[in-house]
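J.: Here the sequence shown is numbered in my numbering, starting from 1 and rising by one per residue.
Please read through the structure below; I'll follow up with questions.
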Amino acid sequence: MGFETNISYFDVVRYTVEEKELNIHYLPLDELLMWSDIVSIHVPLLKTTKNLIGKKELDLMKSSAILINTARGEIVDEESLYTALKNNKIAGVGLDVFAQENEIQRGEYVSPLFTLENVVISPHYAGHTYDTWLRRIEMGYQNIVRIAKGEEPFYVVNKDVLHSKEKRCE
């Protein structure tokens, strides 16, 4: 898995079964940042994940490390990221998201990150193809059918909602 690389992860939940099945390793966030060559962020934006990666975390990373954020812009403190990149504290970053994404799209804001050579930017547009739209419709229909049959829908993120009458509409 992972082109013969070592894959480590951090999460608030530890997945011991998946660790064995996928040959992946859990590390506390600080250790993961210290040892990783590439750090890819895949978390939702919550109070606990806003500015999850800031100056302290960037200072822990190797100078040869690359950070990738395709999750949500506000998970990374962009001012600290700019400083780390400008001072070569980390080698580079790949960004698909920004804290001020709406303003950027409207042309009302230009991020200082755009001026740096060690920044790769993608348009946060990967899901807008015919195939992905078709798949979304198919998955939505499948879930409607499953719910109508009294079955659990696929791809539920907040599973506690399924079994809590207070948290769902009836």
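Just so it is clear, CB atoms sit at the ideal spot from N, CA and C, and this is done for glycine as well.
Owing to the predicted nature of the structure, the values given are computational and were not obtained by experimental measurement.
1) Exposed or buried, I75, counting other C-beta atoms within 10 Å across all chains shown (16 or more means buried)?
2) Excluding the 5 residues flanking S122 on each side, which residues of the same chain have their C-beta closer than 6 angstroms to its C-beta?
3) When the Cα atoms are used, what is the spatial distance from L32 to N6?
4) Give the single residue among L52, I53 and G92 whose Cα lies nearest to the Cα of D37.
5) Alpha carbon to alpha carbon, how far is R146 from H42?
6) Out of S8, G54 and E101, which has the shortest C-alpha to C-alpha gap to I90?
7) Considering only DSSP beta bridges, list what V12 is partnered with.
8) Tell whether a beta-carbon distance below 8 angstroms holds between E101 and G73.
9) The alpha helix (DSSP H) with I137 in it runs from where to where?
10) Indicate the three-state DSSP secondary structure (helix, strand or coil) for V157 in the structure shown.
11) Would you kindly report the start and end of the unbroken beta strand (DSSP E) that includes L81?
12) Residues in its own chain within less than 7 angstroms of S40 by CB, not counting five upstream and five downstream?
13) Excluding the 5 residues flanking F114 on each side, which residues of the same chain have their C-beta closer than 8 angstroms to its C-beta?
14) Just the C-alpha distance for H25 and V13, rounded to the nearest angstrom, thanks.
T.: This is what the structure gives:
1) buried
2) Correct list, in chain order: D96.
3) 11 angstroms
4) G92
5) 28 angstroms
6) G54
7) Answer is none; V12 lacks a bridge partner.
8) yes
9) Unbroken alpha helix (DSSP H) run through I137: Y130 to A148.
10) V157: coil per DSSP, three-state reduction.
11) Premise fails: L81 lies in the alpha helix (DSSP H), E78 to K86, not in any beta strand (DSSP E).
12) I68
13) I121
14) 13 angstroms
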